[in-house]
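Right, one structure below, let's go through it.
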Amino acid sequence: MARPRAFDESAALDAAMTRFWEHGYAATSVRDLGDCMGLGAASLYNAFGDKRALFTRCLDRYLDRNMRERIARHEASNPPREAIEAFLAESVERSLADRRGCLLVNTALEIAPHDEEVGEVVAARLGELEAFFRRCILRGQRSGTIARRHPARDLARLFLTTVMGLRVLARARPEPALLRGAVRQALTLLDPPATEIPS
């Protein structure tokens, strides 16, 4: 019978996630991870595998809380257009509140260009966000609350780009008016044409 692990796995993963988020992947050593998680190198490898495997688990943990939960909440409680607006508004507020940035965006900038495996993970996770926007846009286009003049795929990719841009821009210029103005302009692409009033 396997012996139970003598450490709190959830707390250890939170500690590792915070370390990666605050210092980046390259600047975080296995020793750093062991110190913050309260584990020796052998225990860390036995429990989580190598550094990349641990990082991937931390990234998924981050996204469960900071992307997937938000997507599910906004889709369940809002009509399609309002779900997009609420997600973007929340992205602005989170960008302004936490100068560490988004762990997914940080990873896309720091690691993905140089590590094919991590790059594939990042691409898949970004695909989840794009799919959320596309689902909302398609539903809105069917109901008439979102314009049909642009393909849903193109709009979804635009809003994915908007989220990524917001998170990066907020690191250098955390200005509410700047970020909210960018969102406001992007959202105009969803507006159906105004109905002409007969003279």
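One point on numbering: in our numbering, the residue at position 77 of the sequence shown is 103, and numbering is uninterrupted.
The beta carbon of each residue, even a glycine, is placed where N, CA and C say it ideally should be.
- A Cβ-Cβ distance of about 7 Å is found for the pair Thr188 and Leu114, placing them in contact under the 8 Å criterion.
- Excluding its 5 nearest sequence neighbours in each direction, Met93 has C-beta neighbours in its own chain below 8 Å: Leu130, Arg151, Glu154 and Leu155, listed in chain order.
- Closest option to Ala109, judged by alpha-carbon separation, among Glu142, Cys162 and Val147: Cys162.
- Short of 6 Å from the beta carbon of Gly166, and not among the five residues preceding or following it, lie these beta carbons of its own chain, in chain order: Pro106, Arg107 and Ile172.
- For Leu129, the uninterrupted alpha helix (DSSP H) run begins and ends at Leu129 to Glu136, by DSSP.
- In the assembly as shown, Thr214 is an exposed residue. Its beta-carbon has fewer than 16 other beta-carbons within 10 Å.
- Between Cys62 and Arg160, the alpha-carbon positions lie close to 39 Å from each other.
- According to the DSSP assignment, Ser36 belongs to the alpha helix (DSSP H) that extends over Glu35 to His49.
- The alpha-carbon of Glu111 is positioned some 41 Å away from that of Gly60.
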